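Structure record follows, encoded as structure tokens.
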Amino acid sequence: IERLWRDVYAGVLDLFYTIFMNLENDGLLNPDDEVHLYALQRCFLPHVQKHLQYFQDGWNHHKLRTEGNQSPIQLWLSHELQDPIQVDAMQYGIDWAGPCGHHEPGVVIPEVQIQHQLTQEDVERFPDPDVPLSNVLEVYRETVRLIYEMLE
Numbered sequence: 182i183e184r185l186w187r188d189v190y191a192g193v194l195d196l197f198y199t200i201f202m203n204l205e206n207d208g209l210l211n212p213d214d215e216v217h218l219y220a221l222q223r224c225f226l227p228h229v230q231k232h233l234q235y236f237q238d239g240w241n242h243h244k245l246r247t248e249g250n251q252s253p254i255q256l257w258l259s260h261e262l263q264d265p266i267q268v269d270a271m272q273y274g275i276d277w278a279g280p281c282g283h284h285e286p287g288v289v290i291p292e293v294q295i296q297h298q299l300t301q302e303d304v305e306r307f308p309d310p311d312v313p314l315s316n317v318l319e320v321y322r323e324t325v326r327l328i329y330e331m332l333e
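See the structure below:
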């Protein structure tokens, strides 16, 4: 599992860590400023999620030398075909004896509260964050500028 975490960091997270640290070093990101955090989430979260999905797709289909060059997905499917009754896909991963919880899978990102309640009209003024990663910095800067303008 340590190798997987290292690969996730090297393949995805290091890019965003570097971007965010550069934003902070350049004075464009203050992690204590709710406006900056809101704009950061709005602009970068879709890109982080997209890159994690690319990594997941690649990881699930990469060949494992120690497993006869089969991919993790091939291994899972071959074991399913060998003994299909062994695992009920609908209950896979449920520990009936474990603690009861209603947690959604994944990381919970707290909602950022800024001083001004944004209306739908306000949000529609923001630039579309669905741009190539090379353009997202400009979208972030414009989003921050617009929010500060709305707070005046």
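The sequence shown runs 182 to 333 under the working numbering. By construction, the Cβ of each residue, glycine as well, lies at the ideal position given by its N, Cα and C atoms. Quantities reported herein were computed from a predicted structural model and do not represent experimental measurements.
- Message: Measuring straight from C-alpha to C-alpha, what distance separates Val216 and Glu248?
- Response: Against the sequence shown, residue 216 aligns to sequence position 35. Against the sequence shown, residue 248 aligns to sequence position 67. The straight-line gap from Cα to Cα measures roughly 49 Å.
- Among all the DSSP beta bridges, which residues are the ones paired with Leu299? Counting from one through the sequence shown, the residue named residue 299 turns up at place 118. None; Leu299 has no bridge partner.
- Message: Taking DSSP's pairing of strands, which residues face Leu196 in a bridge?
- Response: Numbered from 1 along the sequence shown, position 15 holds the residue referred to as residue 196. Paired residues: none, contrary to the question.
- Task: Look at the Cβ atom of His232, then the Cβ atom of Phe197, and state whether they are nearer than 9 Å.
- Result: For the purposes of this step, residue 232 is taken as the residue at position 51 of the sequence shown. For the purposes of this step, residue 197 is taken as the residue at position 16 of the sequence shown. Closer than 9 Å, so yes.
- Query: How long is the line joining the alpha carbons of Thr324 and Pro308, rounded to whole angstroms?
  - Reply: Looking up residue 324 in the sequence shown gives position 143. Looking up residue 308 in the sequence shown gives position 127. Roughly 7 Å separates the two Cα atoms.
- Item | Where the alpha helix (DSSP H) containing Ser259 begins and where it ends | Walking along the sequence shown from the start, residue 259 turns up at place 78. Taken as a continuous stretch (DSSP letters only), the alpha helix (DSSP H) holding Ser259 covers 253–263.
- Task: Mind the definition here: the region 223–230 touches the region 300–316 only if three or more C-beta pairs lie below 8 Å; say whether that holds.
- Result: yes
- For Ile290, which option in Glu183, Gln230, Tyr190 has the closest C-alpha, if you only look at C-alpha atoms? As a working mapping, residue 290 is identified with position 109 in the sequence shown. Looking at the Cα atoms, Gln230 is the closest of the given residues.
- What is the DSSP secondary structure of Leu210, counted as helix, strand or coil? Numbered from its first residue, the sequence shown carries residue 210 at position 29. Residue state, collapsed to three classes: coil.
- Task: Please state if the CB of Gln237 and the CB of Leu245 are separated by a distance shorter than 9 Å.
- Result: Residue 245 sits at position 64 when you count from the first residue of the sequence shown. Residue 237 sits at position 56 when you count from the first residue of the sequence shown. No, the pair does not count as a contact, with Cβ atoms beyond the cut-off.
- Item | Alpha-carbon spacing of Glu330 relative to Asn203, whole angstroms | Within the sequence shown, numbered from 1, the residue matching residue 330 stands at position 149. Within the sequence shown, numbered from 1, the residue matching residue 203 stands at position 22. So the two alpha carbons sit approximately 24 Å from each other.
- Compute the Euclidean distance between the alpha carbons of Gly192 and Tyr235, then round it to the nearest angstrom. For the purposes of this step, residue 192 is taken as residue 11 along the sequence shown, with counting starting at 1. For the purposes of this step, residue 235 is taken as residue 54 along the sequence shown, with counting starting at 1. If I take the Cα positions, the gap works out to 10 Å.
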